[in-house]
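Asks: Handing you a structure now.
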């Protein structure tokens, strides 16, 4: 029974939508931030952070699978990885819409487009679009082996997101705290690829 | 690989340190500070399109708003004179007073 619930697509969708429920609630109530930010500005950070966190989680699945090949949780996660990617994209869309509303004019957006903290955000967003559009069974079949190549662009999006986060907030700590675990896992993955023999002990 | 990771980290940390728009002002008793209303008025009179909010940071007034040129910025101002000390747009330094 529990197994059935946990394995249902709706279950993972609800989990991935949880941060969105809170944000929708804030949006509808029109609540302002702790220092008086208007709602759209107040929600900018949490929406972007949710997108980044879910993307990071999706990217962690494969290295964790390598580390714990028999673990059922990571096997379960791997089957649902595309859901994580699509959810990250949905939060990124919400984040981008809030930014556009907050800025108000195209002129203001263009003016800061070349700031390192801004164009990196747009870059990550535009990489996310084709990745989200091809996150379905049909695209996986149609693209064949090139699907992986296309989706490897998530690494570029991840680095762009990290730079975006650091420079928009003028603060390196919170962004690094989210990305360092991923970097360590990727380091582990590369190390494993270069030392295939060390698998024997695993 | 370890070297690559180490270099990446060093680069990121130094980039972050540079990006930090923190500006230090001399410590002055709060009673001598310009009030929020006064500084807002001063900025609007000098052409600022909007003053969203401000908070004390590093002994300065840190102001979030839109400059006369329509740039969304974070600015540091001398709390007593209201002199502009630093302007940053999403981490890009537009102006920094040389001391």
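Protein chains in written order, with our numbering: chain A, 16 to 217; chain B, 4 to 102. Just so it is clear, CB atoms sit at the ideal spot from N, CA and C, and this is done for glycine as well.
Please list the partners that residue 118/A has in chain B, where partner means a Cβ-to-Cβ separation under 9 Å.
Replies: Here residue 118/A is taken as the residue at index 103 of the first chain, counted from 1. Correct list: 75.
Asks: Going along chain A, which residues have a C-beta under 8 Å from residue 93/B?
Replies: By 1-based counting over the second chain, the position of residue 93/B is 90. Under the 8 Å cutoff, chain A gives 127, 130, 131, 132, 133, 182 and 183.
Asks: If I follow the unbroken alpha helix (DSSP H) through residue 26/B, where does it start and stop?
Replies: Here residue 26/B refers to the residue found at position 23 when the second chain is read from its first residue. Counting along the chain, residue 26/B falls outside any alpha helix (DSSP H), and DSSP gives it neither H nor E.
Asks: Tell me which same chain residues have a C-beta within less than 7 Å of the C-beta of residue 63/B, skipping the five on either side of it?
Replies: Locating residue 63/B in the second chain gives position 60, where the first residue counts as 1. Result list for residue 63/B: 26, 28, 79, 80, 81, 82 and 88, in chain order.
Asks: Residues in its own chain within less than 7 Å of residue 42/A by CB, not counting five upstream and five downstream?
Replies: In the first chain, the residue the question calls residue 42/A occupies position 27. Taken in chain order, the residues that qualify are 54 and 58.
Asks: Secondary structure at residue 50/B, three-state DSSP: helix, strand or coil?
Replies: Taking the second chain and counting its residues from 1, the one referred to as residue 50/B is at position 47. Looking at residue 50/B - three-state DSSP - the assignment turns out to be coil, as it is neither helix nor strand.
Asks: So, under 8 Å CB-CB, residue 81/A and residue 167/A are touching, yes? Tell me the CB distance rounded to an integer number of Å.
Replies: Translated into the one-based positions of the first chain, residue 81/A becomes position 66. Translated into the one-based positions of the first chain, residue 167/A becomes position 152. No, residue 81/A and residue 167/A are not in contact; Cβ-Cβ is about 17 Å, not under 8 Å.
Asks: Examine chain A for any beta-carbon lying closer than 8 Å to the beta-carbon of residue 41/B, and answer yes or no.
Replies: Position 38 of the second chain, counted from the start, is the residue given in the question as residue 41/B. No - not a single Cβ of chain A is within 8 Å of the one on residue 41/B.
Asks: By Cβ distance, which residues of its chain are closer than 6 Å to residue 124/A, with the 5 residues on each side in sequence left out?
Replies: If you number the first chain from 1, residue 124/A lands on position 109. The residues are 118.
Asks: So which residues on chain B does residue 51/A lean against when the C-beta distance must stay under 9 Å?
Replies: As a position in the first chain, residue 51/A is number 36, starting the count at 1. Near residue 51/A (Cβ distances below 9 Å), the residues of chain B are 55 and 56.
Asks: Using 10 angstroms around the beta-carbon of residue 66/B, count the other beta-carbons present and answer buried if the total reaches 16, otherwise exposed.
Replies: Indexing the second chain from 1 puts residue 66/B at position 63. Counting Cβ neighbours within 10 Å, residue 66/B comes out buried, since at least 16 surround it.
Asks: Assign residue 59/A to one of three DSSP states: helix, strand, or coil.
Replies: For this step, residue 59/A is matched to residue 44 along the first chain. In the structure shown, residue 59/A sits in a helix (DSSP, three-state: H, G or I).
Asks: Using a Cβ-Cβ cutoff of less than 7 Å, which residues in the same chain neighbour residue 62/A once the five nearest sequence positions on both sides are dropped?
Replies: By one-based count along the first chain, residue 62/A stands at place 47. So the list reads 38, 106, 109, 110 and 113, once near-sequence residues are dropped.
Asks: What ranges does the alpha helix (DSSP H) occupy inside the stretch 52 to 134 of chain A, keeping only unbroken runs of at least 4 residues that lie completely in it?
Replies: Segments of the alpha helix (DSSP H) lying fully in the stretch 52 to 134 of chain A: 54 to 82, 87 to 94, 96 to 118 and 121 to 128.
Asks: Once the 5 residues before and after residue 186/A are set aside, which same chain residues still bring their CB inside 8 Å of it?
Replies: Taking the first chain and counting its residues from 1, the one referred to as residue 186/A is at position 171. Within the same chain, residue 186/A has no close Cβ partners at all.
Asks: If you measure from the beta carbon of residue 123/A to each beta carbon in chain B, is any gap under 8 Å?
Replies: As a first step, residue 123/A is located in the first chain; it is residue number 108 there, counting from the start. Cβ-Cβ to chain B under 8 Å: yes for residue 123/A.
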